[in-house]
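Undergrad: Quick one: the structure is below, questions incoming.
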Amino acid sequence: MKTLRTLYLSAIASFIIVGCNKRASFENELFDCECGTLTLNNRDLNIRLAAGFNLDASNTDFWRYHIVADYRTEEEQINHTPSEDLSLTVELTYSGSSASGDAVDVLTANYLEIPVDEMWDVTEGTVEVNIGDSIHTLTLSNVVVDGSKTLNGEFTIVPE
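Following my numbering, the numbering of the sequence shown begins with 1019 at its first residue and continues without gaps.
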């Protein structure tokens, strides 16, 4: 009986020792592609993606750029609230090593809060792209979307 009791206590002690382990506490890392900056009414947004590619092999001067930014506040990101994104698409045709256009004509803005995909009206602003050897720099200046929201940003894009 004494052996059974010792065996029983040993089993409980080993379960406690094995069950209690020390792990580093969870640290929520906020993703930022570090490929540029974007502000919405002077509030910085984390950039998740900035990409550029040529849509038509027969017209190498026609490019599309796609930017995705996290629309949530920093506190909402830290607290894991459901994702809200701002998606921007720019389509431009170059002449030489740069291009610019009226944002109304070349930019599309979408607010994404799954399952909602809301198109935002673009009413003013300018978009400019400068092309280097291997990097494109995309600049948004005073772009007004969704009535009264102002976007400003600069992105460094390595084209695909």
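Beta carbons: idealized from backbone N, C-alpha and C, even for Gly.
1. Which residue wins for smallest C-alpha separation from residue 1053, given the options 1026, 1108, 1157?
2. Per DSSP, which residues does residue 1082 bridge with? Please list them.
3. CA-CA distance, residue 1051 and residue 1118?
4. Rounding to the nearest angstrom, what Cα-Cα distance links residue 1061 and residue 1028 in this structure?
5. Checking the sheet assignment: what are the DSSP bridge partners for residue 1171?
6. Round the Cβ separation of residue 1111 and residue 1079 to the nearest angstrom and send it over; I've been treating them as touching at under 8 Å.
7. Over what stretch of residues does the alpha helix (DSSP H) that includes residue 1122 continue unbroken?
8. Give a yes or no on whether the C-beta atoms belonging to residue 1145 and residue 1169 are separated by under 8 Å.
9. Return the bridge partner residues of residue 1088 from the DSSP annotation.
10. Am I right that residue 1166 and residue 1130 are in contact with their C-beta atoms under 8 Å? What's the rounded C-beta distance?
11. Is DSSP giving residue 1028 helix, strand or coil here?
12. Taking C-alpha atoms, which residue in 1176, 1143, 1086 lies nearest to residue 1163?
13. Within 10 Å of its beta-carbon, does residue 1147 have 16 or more other beta-carbons around it, so buried, or fewer, so exposed?
14. Using the C-alpha atoms, what's the distance from residue 1026 back to residue 1066?
TA: Once the coordinates are examined:
1. 1157
2. 1071, 1109
3. 24 Å
4. The alpha-carbon of residue 1061 is positioned some 59 Å away from that of residue 1028.
5. Paired residues: 1056, 1158.
6. 5 Å
7. Segment 1121-1124, the alpha helix (DSSP H) holding residue 1122.
8. no
9. 1064, 1103
10. Residue 1166 to residue 1130, Cβ: 20 Å. No contact.
11. helix
12. 1143
13. buried
14. 54 Å
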